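In our numbering, the protein residues as written are 2 to 266.
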């Protein structure tokens, strides 16, 4: 019975959104927490850890904009003015370099492109869309004006020892499996979502992945001004795996420098 209702809802919404020029814009709030228990390898005081955590908090709370149609999307961070006096700190440079650049997804071509700057170098990360084996359930909840359904999945990610924590080459290569929980709405029947997440029969409005929560706060459908969704093309083209190796190497260098200065800026 529930599957029949889901099919009926999807069919009715699909008909209403089947026009060729359908577009939309979704705004997302992203928050990430950090496990500070082993930060600095036990060489930093609790007071110092709290100070660092507070400084990093604002860097880990971001707003993103997803521009989408039925085939393509671009997900990018909303530009904000830096606080006076904070733009040049090593912490902000480090976190800024690790932030994802604009991500382009093409569902038809199964392509993901990311325009990424990393410590002054421009990269174009080119790869296939990641396969996510979603398990769709019947649990629902309301997000704003939209009825959403729950879907879950598993994802393997690098298990980094963390900035400021001792590590070796073997630790850098470790991975871990995290749980994904997505809430999607059939009222907007596109296979899109924030970041690299996609593949459900409706727009993903909330995504929980390990210590990160991404929640949609606003949606504009068919805006008056036409949206231009353009694939990035600048930068040195690399695969996601090759780029991850570059990040791991640079992060290890930064971590060693951080430890050599005793955790001081």
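Each residue gets a CB set at the ideal place from its N, CA and C atoms; glycine is no exception. Values in this document were obtained by computation on a predicted structure and should not be read as measured data.
Secondary structure of residue i, DSSP reduced to three states
i           : result
residue 222 : strand
residue 249 : helix
residue 130 : coil
residue 244 : helix
residue 22  : coil
residue 207 : strand
residue 27  : strand
residue 257 : helix
residue 187 : coil
residue 51  : helix
residue 61  : helix
residue 160 : coil
residue 123 : strand
residue 118 : strand
residue 234 : coil
residue 139 : strand
residue 88  : For residue 88, the predicted structure reports a pLDDT of 49, less than 50, and the residue's modelled location is therefore unreliable. The matter cannot be settled from this model.
residue 201 : coil
residue 215 : strand
residue 33  : strand
Classification of residue i by the beta-carbon crowding that lies within 10 angstroms, buried from 16 upward
i           : result
residue 143 : exposed
residue 182 : exposed
residue 158 : exposed
residue 16  : With a pLDDT of 43 at residue 16, under the threshold of 50, the predicted position of this residue should be treated as unreliable, though the coordinate-derived value follows. By the neighbour-count rule (16 or more Cβ atoms within 10 Å), residue 16 is not buried but exposed.
residue 222 : exposed
residue 215 : buried
residue 48  : exposed
residue 256 : buried
residue 202 : buried
residue 138 : exposed
residue 1   : Within the shown structure, residues of the chain are numbered from 2 to 266, placing residue 1 beyond reach of any answer.
residue 73  : buried
residue 295 : The structure shown does not extend to residue 295, since the chain spans only 2 to 266, so no value can be given for it.
residue 140 : exposed
residue 176 : exposed
residue 252 : buried
residue 12  : Residue placement at residue 12 is poorly supported in this model, since its pLDDT is 48, which falls under 50; the coordinates still yield a value, given next. With fewer than 16 other Cβ atoms within 10 Å, it is exposed.
Residue closest to residue i, alpha-carbon to alpha-carbon, out of the options
i           : options               : result
residue 78  : 105, 159 and 183      : 105
residue 122 : 235, 254 and 258      : 235
residue 248 : 31, 114 and 120       : 120
residue 75  : 34, 26, 135 and 62    : 26
residue 136 : 213, 35 and 152       : 152
residue 220 : 212, 146, 230 and 245 : 146
residue 228 : 68, 187, 156 and 254  : 68
residue 109 : 23, 186 and 193       : 193
residue 29  : 253, 237 and 208      : 208
residue 188 : 61, 251, 205 and 175  : 205
residue 133 : 250, 178, 51 and 251  : 178
residue 231 : 124, 114, 154 and 155 : 114
residue 155 : 61, 51 and 210        : 210
Residue i and residue j closer than 7 Å at C-beta
i           : j           : result
residue 191 : residue 111 : no
residue 149 : residue 199 : no
residue 116 : residue 233 : yes
residue 34  : residue 212 : yes
residue 124 : residue 32  : no
Beta carbon proximity, residue i to chain C, threshold 7 Å
i          : result
residue 33 : Included in the structure is just one protein chain, with no chain C present.
Validate contact between the segment 238 to 246 and the segment 120 to 137 using beta carbons, cut 8 Å, 3 pairs: yes
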